[in-house]
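S.K.: Here you go, one structure.
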Amino acid sequence: KKKKMALNNIIYFNHASPHNNQTQLETIVQWNINSLFKKLPDIHRIIADFQPLALCLQETNLKNNNNPTLKNYQGYFKNRSNQNRASRGVCILVSTSTEHETIPLNTHLEAIAIKITSNYNQKITLCNLYAPDSTDLNLIDIENLIKQLPRPFILLGDFNSRNTLWGSNFTDTRGKTIEKLLESDSIVLLNNGHYTRHNATHNSFSAIDLSIASSSLGGSIDWSVQTSYNSSDHWPITLKLLKSQPAETTSPKWLLKNPDWCAFSNMVDSQLATKQFENLFQPNPHTGIDNIVETFSNIITESTEYTIGKSQPYFQKKRVPWWNEDCKAAIQNYKKALNRFKKTKLLADHIELKKCKAISRQIINISKTESWRCFTSSINHKTSANLMWSKINSIKGNNRTQTKTLNFQNKTLTDKKEIADAFGSFFQSNNSNENYNNDFVTLKTTIETNSPIKYEADYPDNPINSPLTINELNTSLINKRSKSTGPDGIPFSFLQNLSQSALNFLLKIFNYIWINNTFPKQWRTSHIIPITKPGKSPFEIINYRPISLLNTMSKTLESIINTRLTWYLETNKLLSPHQFGFRKNRSSIDPLTTIHTNICDALEKKNHLLMVSLDIAKAYDTVWKHRVLSSLQKWNLKGNILKFTNNFLTDRTFEVKAGHTLSSTFETENGLPQGSSISVTLFLIAINDISNNIKPPVKTILYADDCNIYCSGSNIKTTCSLIQKAINNVSQWSAETGFQFSPSKCKSVLFTHQKKIKVSEIKMQEKTLPNTNSVRLLGLTFDHKLNWKEHLKKLKTNTTKKLNIIKSVSHFKWGADRKTLLILYNALVQSTLDYGSTIYSLTNSNTLKILNTVQNAGIRMAIGAFRSSPVDSLLCEAHCLPLDIRQKFLITKYAAKKMSTPQTRMTEIISKPYHDHSSKTKPFHIKLHEILDEISFNIKNIQTIETISTIPPWNFNHIEVNIELIHFNKKDTPHSQIINFFHEILNNEFKNYYHFYTDASKTTNDVGFATTHFESNTLHKIAPYSSIYTAETFAILEAISISLSTPHEKILILSDSMSAITSIANIHTKCNLARSIQNIILATNKIIKLMWIPSHVGIPGNELADELATKAVRSPDTKIYPHVTYEDVIHTLKTKFHSLWQTRWEKQTNNKLNQIKTYTKKWQIPPINLTRHEETMITRVRIRHTRLTHSHLMRKEPEPVCETCLCALSVKHIFLECPTYQHARTESNINTTSLKESLGPGQESKIVDFIKRADLTTSL
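Set out below in structure tokens:
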């Protein structure tokens, strides 16, 4: 034995592992797992413990096309296809952060090979082999396999070969074969003599799992058996590559869970005073904007570190969530028993070993189950939104793993700094002049030299260049929710919690930059985070896109300037009407609806429509800065705003942040800074005139850089000719602007019902554009027949995948609660179904039924209903509109929105007159007319919403209101005292003001309002479905409109509606009507103020207004006010469609739930807190479809019969009739009058108690 142990090619190692908190080793795991699906939790544990580059598994026992997926790992499988059942097989799971490629093998052995690149750039071939006892294993086959493996390699697996050389108790024929193989000087055996398998049945140990490597790897691998994993009869083996690398540590983060903002704000104020920050703005040759910004940033960060603090960086070893002290103790007991039995070989110790192994397996299985149940059950409607979505994302497996190797310029990089610099070079190349052709570079140079931008002073009275205001700053900050930080490490929350004095300093910095035409150097640099494109390899640099992080103070200033710029462009109608991207009250549905309507019109006339979808390569990165500035200058934008834009675009740099490593600094040659709101507007300016080059009858639609041109007609040759001319013009435009189209990504599609029609070749840049049967536009797939089948199939596939998330947390006994699951369904599935439904739902109703199964499955899982439950019952129980009714509601809601914003020009489509339409697919306006006729409703008189305020953002101030009388409780305070104080306010604050009193009244059938003043009264009725708030607000609007025609300069509007007054006073109000009132007040030269007064306390003007409002409602002669608000229309539409659903539900007389719940409204909230299991039981008995009563339908068995009564077993029989459960009914106080009484609202606690007493908890 000693002689054999001296063989040079058998290597025994006993290295001290350098793995600690500062370094980590790259690990490869091999394991005969004996059923992969059953051992997935153990695989997760191994990954958490070792983070292996690859796992080589044998006896996976998988069927073809049934391979599991593992988060952050790519699987390669070789399954046995000739077996009647899943058996044997091998697989290699490779980390997605590890570059790898498959190695084809020509062998009859059960083997698979992969070449991986380690993190220190060494390429190693892994060959995973399983050689069962039932097959022959000869030397020639193994040598032939080794010849096919690129070196260096590791051949590992279950060889079923025993030899005393590597630790077995005897040598068999296979062992001698492997011994013969090891005589070669080019390979070594890595085993160290430890057992790798324990056969508990035969009470024996063996070493049949081998690891054979190229001799060059022999001294650099630590081989060890991990006996703490006992779920298989084999133990996993780890092979650690003995080249360590620094361990990943967490990045320090601000401790923002419970910050002390008051202390932070006070500290900032103290630091500003101590450092005499005010003096930095004085003329001084040693100070400038860079010093001012740096000082202010340092004050914020230093104050935060002192009052809030940062987390400390630490090495965090991942653990599976179910691992606990019980699991750890059970494994330790098992290992002790194993070591004792190895020494003694006594029967008693063997029995103890098997006992410890069984106990450890049981404890681990229980821990896994309970951990998952606790995790899912912790998701409920009381969970915060952030925490809930972090839990859901962990289930979805959303993560951003950073690759450790990267291919760049035919080199494989592993050094973190080199990888970061490689990303920097790559992203820099995207905006360099190399993206332009030589002719354009020449043109660009010539124009920039001969026609430089003239930064002349603006007209003195142009208000767009006026100093920035505190209202603009507050408005910019109020809606900022991003937690991301730029290079300065300051999130928006720090700026939002500054004191008013500190905000004034920040505003002073902004105005210093704005007026002195400067820009801080710190704000020119951004941090770029490389993100892998979906479904792309993380090892190829071309598969990454950049995410830019800018300093938040810079983004705040840019937001203010962008608001001014956008207001100017929209007010003067300078942006193309064909552009729908990133513009207020416009959406991606607008261009899609326009295109769909044009296609339908063409098909109805038996014409065709030819569309070309154009793709601009690197659109954002190739914007020509000089052209943007020229456009601004041409539109008469001079002075501060032009200089600011130039400063913003000049000398931009970036650094790539790969993991925790920053790259060198790279300059940006062209393009716009990503991550800034003003960049989006500047891009719209850069691309604005593309539509000018497309002449009728060819039309164009733009959504940011998505450009589609189309033309309809009866002669295909003429249509193709017109489209070709348009493409030629667009190509010429691109040659003059620097934008480059990508012909390979451009495509054409012909929409027609004619069968024999051929499209002529359409070329761009000498390349023929492919003609396809479908095209994807803004998320919707338009097929050439416009039947939407292709899109609906993709939509079903996408939403079905999302249902798996709901399924994973919605077990009928445990999991998230019903309310949360319905929220998840709406957020994940229903929102996906809703997008574009206003268009694709215009197709045949039978085609749309493909989506019903998605809705039904999602709702059934959310509420825990049994599989046989009727669809109508599911929808009523969950209070979810049927898809067809919901789609009708969304169509009318979209139409109402567009009617309220005529500036978007969509009213031209929506207001088209109705006519009989012969085509199967109806255009939007035809379907809209049919729906409105069905519900007897009209949306033509909606109050117009101002897309862009008539008041410039720098002039937008708070509306002055007085609510002092709110401090009086009219129930406890004498009315005379309130009236006296009211007159005192009028005399002191509103002397010489002309008074208008307003009030509104609402009855069951009518709504009206009235205004009264010294000279006359005005009475109006509005739509009967309007809210009282709307009536009160309309009354104030009417009073203001009348006041504008009077000679009085000071106006006071007095109203008893606090909601209307506060909404108008709120500068950030979301009410469109209140916003219109604000614009009128701020636009006039008159002084108009508002005051709240209590009703029915004896104030004469208010009493008169109240009387007139009541008269306005009751009198048939009252003048009808012509407008309704968008909000009231939407509320009414919801009511109408729920009534439509209610009518449908009432016709379901045979539905079992209908006999208990006759309405579609939500159930009343239960008076007790229910567990998931209790919610599910109640749902099933109410729907009256349970496992006990209806599982026979799944099994195709006869209907179950009550053993006591010998009648059909049903929920009604159990709850009301069967004598077996009489005692349980009495104890639970069940009302046996009817099922409606026993299962209706408020009976939840009794239902649960009865089910438990009747011992039916596991049967339902």
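Heads up: the sequence shown is residues 1 to 1260, going by the UniProt record's numbering.
Note that CB positions come from ideal geometry on N, CA and C, so glycine has one too.
1) Look at the alpha carbon of Asp872 and the alpha carbon of Thr1135, and state the distance between them as a whole number of angstroms.
2) What are the residues that DSSP puts in a beta bridge with Gly713?
3) Give me the residue from Arg162, Leu609, Lys888, Thr177 with the minimum Cα distance to Pro697.
4) By how many angstroms is the C-alpha of His1131 removed from the C-alpha of Gln1243?
5) Helix, strand or coil for Tyr512, going by three-state DSSP, please let me know.
6) For Ala131, which residues of its own chain have a beta-carbon under 8 Å away from its beta-carbon, when the five flanking residues on both sides are left out?
7) Is the segment 1052-1069 touching the segment 1087-1094, taking contact as three or more C-beta pairs under 8 Å?
8) What's the gap between the Cα of Ala797 and the Cα of Glu790?
9) What's the C-alpha gap between Ile142 and Thr177?
10) Give the range of the alpha helix (DSSP H) segment to which Trp567 is assigned.
11) Can you tell me where the alpha helix (DSSP H) holding Glu101 begins and where it ends?
12) For the candidate residues Lys1147, His917, Ile237, whose alpha-carbon lies nearest to that of Asp49?
13) Specify, as a first and last residue, the run of the alpha helix (DSSP H) that residue 1261 falls within.
14) Three-state secondary structure (DSSP) at Glu1199?
15) Under 8 Å by Cβ, that's how I've got Leu1090 and Ile959 pegged, so tell me the actual separation to the nearest angstrom.
16) Where does Lys1157 sit, in a helix, a strand or coil, going by DSSP?
17) Pick helix, strand or coil for Asp1255, following the three-state DSSP scheme.
18) Check residue 1279 in the structure and name its three-state DSSP category.
19) Identify every residue that forms a DSSP beta bridge with Ile885.
20) Any idea if Glu964 is buried or exposed, counting beta-carbon neighbours within 10 angstroms, 16 or more meaning buried?
21) Compute the Euclidean distance between the alpha carbons of Val206 and Arg80, then round it to the nearest angstrom.
22) Between Ala348, Phe1009, Lys927, Leu353, which has its C-alpha nearest Asn339's C-alpha?
23) Apart from the five residues just before and just after Arg373, which ones in its own chain have a Cβ nearer than 6 Å to its Cβ?
24) Leaving aside the five residues before and after Asn431 along the sequence, list all residues of the same chain whose C-beta is less than 6 Å from its C-beta, in chain order.
25) Where does Asn21 sit, in a helix, a strand or coil, going by DSSP?
26) Quick check: Ile300 and Ile490, are their CB atoms within less than 7 Å of each other?
27) If you check the beta carbons only, do Ile942 and Ser900 fall under 7 Å apart?
28) Just how far apart, CA to CA, sit Arg1114 and Phe1034?
29) Below 8 Å on the Cβ atoms is my guess for Thr768 versus Ser774; work out the distance and round it to an integer in Å.
30) With respect to the alpha helix (DSSP H) encompassing Leu750, which residues constitute its N-terminal and C-terminal limits?
31) Expressed to the nearest angstrom, what Euclidean distance is found between the alpha-carbon atoms of Leu155 and Ser211?
32) Span of the beta strand (DSSP E) holding Val1113?
33) Which residues share a DSSP beta bridge with Tyr76?
34) Are the Cβ atoms of Thr820 and Ile379 separated by less than 7 Å?
35) Which first and last residues belong to the beta strand (DSSP E) in which Trp954 is found?
36) Nearest by alpha-carbon distance to Asn1005: which of Val1201, Ser869, Ile589, Ser1026 is it?
M.R.: Result, derived from the coordinates:
1) Asp872 and Thr1135 have their alpha carbons spaced roughly 19 Å apart.
2) In the DSSP output, where bridge partners are listed per residue, Gly713 has His608.
3) Comparing Cα-Cα distances from Pro697 to each of Arg162, Leu609, Lys888, Thr177, the minimum goes to Leu609.
4) One C-alpha to the other measures close to 31 Å.
5) In this structure, Tyr512 counts as helix in the three-state DSSP scheme.
6) Contacts found: Leu109, Glu110, Leu137, Gly157, Asp158, Phe159, Asn160, Ser161, Arg174.
7) Verdict: yes, contact present.
8) For the record, residue 797 in the displayed sequence is Thr; it is not Ala. For Thr797 and Glu790, the gap between their C-alpha atoms comes out near 11 Å.
9) Our two residues, Ile142 and Thr177, have alpha carbons roughly 9 Å apart in a direct line.
10) 552-571 is the span of the alpha helix (DSSP H), which, as asked, contains Trp567.
11) Counting along the chain, Glu101 falls outside any alpha helix (DSSP H), though it belongs to the beta strand (DSSP E) covering 100-103.
12) With distances taken between CA atoms, Asp49 lies nearest to Ile237 out of Lys1147, His917, Ile237.
13) Residue 1261 falls outside the range modelled here, since the chain spans only 1 to 1260, and no answer is possible.
14) Looking at Glu1199 - three-state DSSP - the assignment turns out to be coil, as it is neither helix nor strand.
15) Indeed they touch by this definition, with Cβ atoms about 7 Å apart.
16) Three-state DSSP puts Lys1157 in coil, outside helix and strand.
17) For Asp1255, the three-state secondary structure derived from DSSP is coil.
18) Here the chain covers residues 1 to 1260 and nothing more, so residue 1279 does not appear.
19) The partner list for Ile885 (beta bridge, DSSP) is empty, contrary to what the question assumes.
20) Per the 10 Å Cβ criterion, exposed.
21) Per the sequence presented here, residue 206 reads as Ser, with Val not at that position. Using only the alpha carbons, I get a separation of about 26 Å.
22) The option with the nearest alpha carbon to Asn339 is Leu353.
23) Once the five neighbours on either side are set aside, the close Cβ partners of Arg373 are Trp814.
24) Taking C-beta separations shorter than 6 Å and ignoring five residues to either side along the sequence, the partners of Asn431 in its chain run Asp621, Thr668, Glu669, Asn670, Gly671, following chain order.
25) At Asn21 the pLDDT is 42, less than 50, meaning the model places this residue with poor confidence; the figure from the coordinates comes in the next sentence. If DSSP states are grouped into helix, strand and coil, Asn21 belongs with coil.
26) Contact flag set, yes.
27) At the C-beta level, Ile942 and Ser900 come within 7 Å of one another.
28) Cα to Cα, the separation comes out at about 18 Å.
29) Rounded to whole angstroms, the Cβ separation of Thr768 and Ser774 is 18 Å, and the two are not in contact under 8 Å.
30) Careful: Leu750 lies outside any alpha helix (DSSP H), inside the beta strand (DSSP E) at 747-751.
31) In a straight line, the C-alpha of Leu155 is about 6 Å away from that of Ser211.
32) Unbroken run through Val1113 is the alpha helix (DSSP H), 1100-1114; no beta strand (DSSP E).
33) DSSP output for Tyr76 lists Ile92 as bridge partner(s).
34) Result yes, Cβ atoms of Thr820 and Ile379 sit closer than 7 Å.
35) Premise fails: Trp954 is in no beta strand (DSSP E) and is neither H nor E.
36) Taking only the C-alpha atoms, the option nearest Asn1005 is Ser1026.
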